[in-house]
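Written below as structure tokens is the structure these notes are about.
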Amino acid sequence: MNTGILFGFLVYLALLAYIGWWANRYTKTEDQYFVGGRKVHVLAATLSDKASDFSGWLMLGYPGSAFKTGLGAFWAAVGCLFGTLADYILIGPRLRIYAGKFRAITVPDYLEARLKDNTKLIRILSALIIIIFMTAYVAAQFTAGGKTFAEGFGVSDNTGIILTVIILTAYVITGGFFAVVWTDVVQALFMLLTLIVVPFLALSRIGGLDRATEIIAQVDPTKLDPFGGARGWAAIIFAIGYASWIVGYLGQPHIVTRYMSVEDPRKLRRPGIFISGTWTILVLWGAFFAGFLGFAMYAAGMLHLSDPEKVIPAMAVELMPGWLAGFVIAGIISAVMSTADSQLLVASSAIARDLYHKVLGEDVGKRQMVNISRVVVLGVAIVGLWFALTGNKVVYEMVATAWGGLAVGFGPVLVLSLWWKRLTKEGAIVGMAYGLISEVLLEAKIYGWAFNPNAPGIFGKIGAIFNGVPVFFINFFITLFVVILVSLLTKPPEDVVKLHEELFRKVPIETGRKSLAETRAKSQVENVAEFIMAKGIA
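Residue 503 in the numbering used here is what sits at position 503 of the sequence shown, and the numbering runs on without skipping anything.
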């Protein structure tokens, strides 16, 4: 084992331990454990949001895809960037306003209150969707961490997975949401630094971008085609297949929970979009070029690699001194942890709060609920560990499967609940139930994570048309249609409609204190949020 790599990593680990210890002082109640008491600064919430979003997929899965596909993988970056913008425009500010009104701690809290569901079915369905797909998502992060440890320290993948689980579970149990947010901030900076430095070092070693493209052209010219050599309808399907991540952003509980924690919903527009958009562009650029240039190094004999998804840790070990490579390995582990910690918290809240406390009606104190949640975190981590050790260990596909299940289960209902006053609890219940059942059947029993022509019967014919497109992309719009149809056939309570209109009605333009130009310089959401906070609604 390289002692320099070990030293760099241990320094990073010590920093995480300190943050967990510090955050524990601010984690005494359930509200603080799950949403930080709704006092998180927009800079911390935004960086935490993106670090939670871009996981081991960014540092291993996506570079591995660029390594195998070439320029065509860039469409995934396009989908992720526009998905990020969609989240901040369609979800963030309105969800924060509603969450403040209802004092909602979790997404199921919000949906139950927004739709006035006294049957508990929305909360039960939400908990099931989270438990099933979030546990699978956690397993993907454990797998990514295992691969990184294996490449950096020369251990087996399974040993690396176990180490990842031990480190990650320890500080989530200790610090809760504050620990998650502030370690995410540190991890976001590590990820950014890693994905800027590694591509430039690779360019220097290869001899420039022209030399890299020349090497790739000699080995596989299709890697220089943005459509992977496809033409016509096949080219469109190719692009959609990679860019389909965009719809998934609208239904990820571990991401949208960040918006519920922000101190001021107005800051989720201009500051939030600027910070997250800038960070997203930089890291996606870096991750893509790391995989693209990594293939050029591999083809030229400059890099030895057994698994394309290990390209960044392998490049770090090859291109950097040991101690610096240790920090890069830490940056990759940070990407894994920054998502898995949030997912563990969301999964534990689904079991401890939504099922045990809210559905079963077990009345416990706030401090006791925090302790129960910590036990549940440990349980979810153990289940995720089992899936990681026994699964296929392909991070890109594992993340796509879990991402899709959450997207279909929550995305349509969440967007409609924030923008359509006619949404009913019946529409949400039927849509969420369909989303859960269809995703499990289509992905686990019929297609896998993407459509393919080898499925049985009519499913094979459908798979031939959408070959390579993730199942969740098409299923998202089917679920959206189901929710709208059922809602149109039923009727929401009048007080629910009235509240929605009250919260998001047009705010009159003031005169006197503010000029017309000053008022119009703000977005409508910012004006609405300012009006609501002034009236003490949120």
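Quick reminder that beta carbons are idealized off the backbone N, C-alpha and C, glycines included.
The model shown is predicted, which means the values in this text are computed figures rather than measured ones.
Shown here for Val376: same chain residues with a beta carbon closer than 6 Å to its own, the five before and five after excluded, namely Ser348, Ile351 and Ala352 in chain order. The three-state reading of DSSP puts Pro199 in helix, counting H, G and I together.
Beta-bridge partners of Pro470 (DSSP): Ala450.
A contact between stretches requires three or more CB pairs, one per stretch, nearer than 8 Å, and the segment 258-270 fails this requirement with the segment 487-494.
DSSP places Val328 within a helical segment (H, G or I) once states are collapsed to three. Our two residues, Gly460 and Ala66, have alpha carbons roughly 28 Å apart in a direct line.
For Ser306, the closest of Pro321, Leu442 and Asp157 by C-alpha to C-alpha distance is Asp157. Judged by DSSP in its simplified three-state form, Val394 adopts coil rather than helix or strand.
Looking from the CA of Ser438, the closest CA among Thr401, Leu293 and Leu192 belongs to Thr401. When C-alpha distances from Ala188 are compared across Gln368, Glu426, Leu58 and Pro493, the shortest belongs to Leu58.
For Asn452, the closest alpha carbon among the candidates Leu436, Val440 and Pro470 is that of Pro470. In the three-state reduction of the DSSP assignment, Val155 falls in the coil class. Excluding the 5 residues flanking it on each side, Ser276 has same chain C-beta neighbours closer than 6 Å at Thr46, Lys50 and Thr84, in chain order.
Its Cα nearest to that of Ile429, the residue Ile122 stands out among Arg96, Ile122 and Ala73.
The beta carbons of Val408 and Thr339 sit no closer together than 9 Å.
For Ser417, the number of other beta carbons within 10 angstroms of its own is at least 16, and it is reported as buried. Around the Cβ of Ile132, a 10 Å sphere holds 16 or more other Cβ atoms; the residue is buried. Using a 10 angstroms sphere on the CB of Arg270, the tally of other CB atoms stays under 16, which defines it as exposed. The beta carbon of Glu318 lies closer than 7 Å to those of Leu303 in the same chain, with the five residues before and after it left out. Separation of Ser373 and Glu501 (C-alpha to C-alpha, rounded to the nearest whole angstrom) is 36 Å. DSSP places Val440 inside the alpha helix (DSSP H), whose first and last residues are Lys425 to Leu441. Counting the other CB atoms within 10 Å of its CB gives Ile166 a total below 16, which places it among the exposed residues. With a cut-off of 8 Å on Cβ pairs, the segment 279-299 is in contact with the segment 194-203, counting three or more such pairs.
When Cβ pairs closer than 8 Å are counted between the two stretches, the segment 307-316 is seen not to touch the segment 211-228, the count staying below three. Per DSSP, Met297 is one residue of the alpha helix (DSSP H) stretching across Arg270 to Ala299. Taking C-beta atoms as the reference points, Gly8 and Phe327 count as a pair closer than 9 Å. Boundaries of the alpha helix (DSSP H) around Ala76: Phe74 to Ala86.
Short of 6 Å from the beta carbon of Leu406, and not among the five residues preceding or following it, lie these beta carbons of its own chain, in chain order: Phe133, Gly251 and Gln252.
Ranking Gly411, Ser244 and Val399 by CA distance to the CA of Gly431 puts Gly411 first.
By the criterion of at least three beta-carbon pairs nearer than 8 Å, the segment 242-251 is in contact with the segment 68-81. If you draw a 10 Å sphere on the C-beta of Asn475, you find 16 or more other C-beta atoms in it, and that means buried. Taking Val483 as the centre and dropping the five residues before and after it, the same chain places the C-beta of Pro412, Val413, Leu416, Leu423, Gly427, Ala428, Val430 and Gly431 closer than 8 Å to its C-beta, in chain order.
In this structure, DSSP gives Lys461 a helical state, which the three-state scheme calls helix. The shortest CA-to-CA distance from Thr119 to any of Gly457, Glu443 and Lys425 is the one to Lys425. Here Lys68 is actually not in contact with Pro321; their C-beta atoms are around 29 Å apart, not less than 8 Å.
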